[in-house]
Amino acid sequence: MCAPRAGSEGGACGSTAGRLSGEQVAEFRDQGFLLLPGFASPEEVATLRSRAVQLVTESFDPGDVAAVFSTGEEQRHSRGAMGRYFAESASKVSFFLEEAAFDADKGVLTVASKEEAVNKIGHAMHELDDVFREWSHSGKVQELLADLGYVLPAIHQSMYLFKQPHVGGEVVPHQDSAFLHTSPHLTCTGLWLALDDATVANGCLWALPRSHGALRRRFRVAPGESEASFDAPPPEYDLDAMVPLECAAGTLVVLHGENVHMSHANASAKPRHAYSFHVVEGDGSVQWSPDNWLQRTPDLPFRPIAHVMTPNPTPPHATS
Ligand code: FE2
């Protein structure tokens with residue numbers, strides 16, 4: 177599945193396909209985001225896209241999914257079955273409905289098919305699905321993360337985002353480190369791969385340049401609570417200073433964990449698929465915060481990329 181990035185040297189997995197120049201690293205550190213056109217080949221884009229559609233066709237039953245996902249304030253404070261479904265998705269390949277595609281009172285879809293109603297898949301597909309695991313842990317992704325300064329990067333979350341025509345909802349301004357917190361310092365980076373051409377019309381990312389100075393609030397499980405919520409009201413951001421990150425399919429958008437970004441609803445007739453996953457440092461120098469909403473079950477512990485892709489070695493005491 178691997179192919180060289182346009183303009184890069186080499187041509188196979190483990191080559192220089194994911195390498196960043198010094199100028200690119202400097203731009204990322206200054207602006208808080210970086211666009212890498214052609215990071216994924218057309219073949220890779222088609223493979224990831226078709227695999228997501230296959231997952232929806234074969235495994236998604238809207239009747240079983242009571243969760244209506246939205247990053248809106250009210251839904252983030254959801255309680256009960258929806259909150260449990262969300263929390264359990266940390267260790268699963270779960271499906272979420274688009275809010276505008278589901279009549280919660282009647283329990284029916286408002287669009288013609290489940291393929292048009294799905295909002296996203298999450299949040300452990302980078303480990304539990306073979307196709308997404310291979311791409312997420314590919315040599316060029318590891319090279320990229322090494323150039324960003326990671327010692328032993330670990331993917332803690334993945335999402336396939338559909339941003340459906342006409343019903344794909346808004347994602348309000350946020351910082352990813354609010355949801356993916358490490359201490360004593362923050363180490364989150366978001367990798368967002370465009371699987372369609374992303375435009376202003378179909379709901380591309382918008383980012384606030386140089387907004388990655390400080391984390392403004394957290395989404396965490398407060399003492400005595402069982403579900404996560406924001407620990408402060410929504411900050412006021414300068415939305416007029418946001419810039420659209422229009423890009424072609426195959427472009428990887430690298431987002432600093434404290435960069436403020438958002439996307440508008442998709443009012444167009446075109447989809448805007450994307451695959452996104454988030455990385456933190458896994459070398460033991462930071463702790464994954466125990467009050468993060470996202471916690472794994474004991475049978476699926478967080479693992480650094482290198483450990484996920486390394487077959488279990490033969491135990492030294494094995495005799496055959
Ligand atoms: Fe985000």
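All residue numbers for the sequence shown refer to my numbering, where the first residue is 177 and numbers rise by one.
We put the CB at the ideal spot given by N, CA and C, even for glycine.
Residues that residue i bridges to, as DSSP identifies them
i, result
"M438", "W382"
"E457", "P329"
"I297", "F271, Y336"
"Y261", "Partner(s): none; Y261 has no beta bridge."
"S217", "Partner(s): none; S217 has no beta bridge."
"W368", "V429, S452"
"R227", "According to DSSP, which records beta bridges pairwise, R227 is partnered with nothing at all."
"V347", "S439"
"F278", "L285"
"P420", "W382"
"Q318", "Partner(s): none; Q318 has no beta bridge."
"V397", "A404"
Rounded separation between residue i and residue j - CA only
i, j, result
"L285", "E274", "10 Å"
"D323", "K282", "51 Å"
"L320", "G194", "5 Å"
"E403", "Q230", "32 Å"
"F308", "A408", "34 Å"
"W368", "H361", "23 Å"
"R396", "A450", "26 Å"
"P474", "V232", "27 Å"
"R225", "L371", "7 Å"
"A228", "E303", "14 Å"
"L476", "D416", "42 Å"
"G256", "D305", "28 Å"
"A398", "E219", "44 Å"
"G315", "D279", "43 Å"
"V347", "L381", "9 Å"
"D373", "G400", "44 Å"
"A424", "V317", "19 Å"
"D467", "R392", "17 Å"
"P492", "R472", "Low confidence applies here, because P492 scores a pLDDT of 42, under 50, leaving its location unreliable; read the following figure in that light. Approximately 29 Å between the Cα atoms of the pair."
"K446", "T223", "19 Å"
"V201", "P213", "15 Å"
"G458", "A276", "38 Å"
"H357", "A288", "39 Å"
"D414", "E234", "43 Å"
"H122", "Q207", "Because residue 122 is not part of the residues shown, which for the chain are 177 to 496, the question remains open."
"W311", "P349", "28 Å"
"V335", "T375", "Correcting the residue identity first, residue 335 is Met in this sequence and not Val. Taking the straight line joining both Cα atoms gives about 20 Å."
Beta-carbon contacts of residue i that lie in its chain and below 6 Å, excluding the five residues immediately before and after
i, result
"G366", "D352, L431, H454"
"H313", "I481, V484, M485"
Own chain, CB closer than 7 Å to residue i, minus 5 neighbours either side, in chain order
i, result
"P238", "L273, L285, K290, A293"
"G379", "K339, G344, S439, H440, A441, N442, R448"
"S444", "P341, A377, N378"
"P411", "R392, R393"
"A354", "L391, R393, R394, F395"
Sequence-distant residues of its chain with Cβ nearer than 8 Å to residue i (five each side left out)
i, result
"F209", "A383, P385, L421, V429, V430, L431, H432, N435, H437"
"A390", "E434"
"F359", "In the sequence as presented, Phe is not what sits at residue 359; that position holds Ser. Cβ within range, chain order: V462, Q463, S465."
CB-CB length for residue i against residue j, believed under 8 Å
i, j, result
"S265", "G298", "6 Å"
"A300", "V327", "Not quite, the Cβ-Cβ distance comes to about 23 Å (not below 8 Å), so this is no contact."
"G426", "S217", "7 Å"
"T363", "V456", "5 Å"
"R479", "A330", "6 Å"
Contact test: residue i Cβ vs the ligand SAM heavy atom, cutoff 8 Å
i, result
"E310", "The ligand content of the structure shown is limited to the ligand FE2, which means the ligand SAM is not among them."
### Query
Pick out every residue whose C-beta is nearer than 6 Å to a heavy atom of the ligand FE2: which are they, in chain order?
Listed along the chain, these residues meet the criterion: H350, D352, G366, H437.
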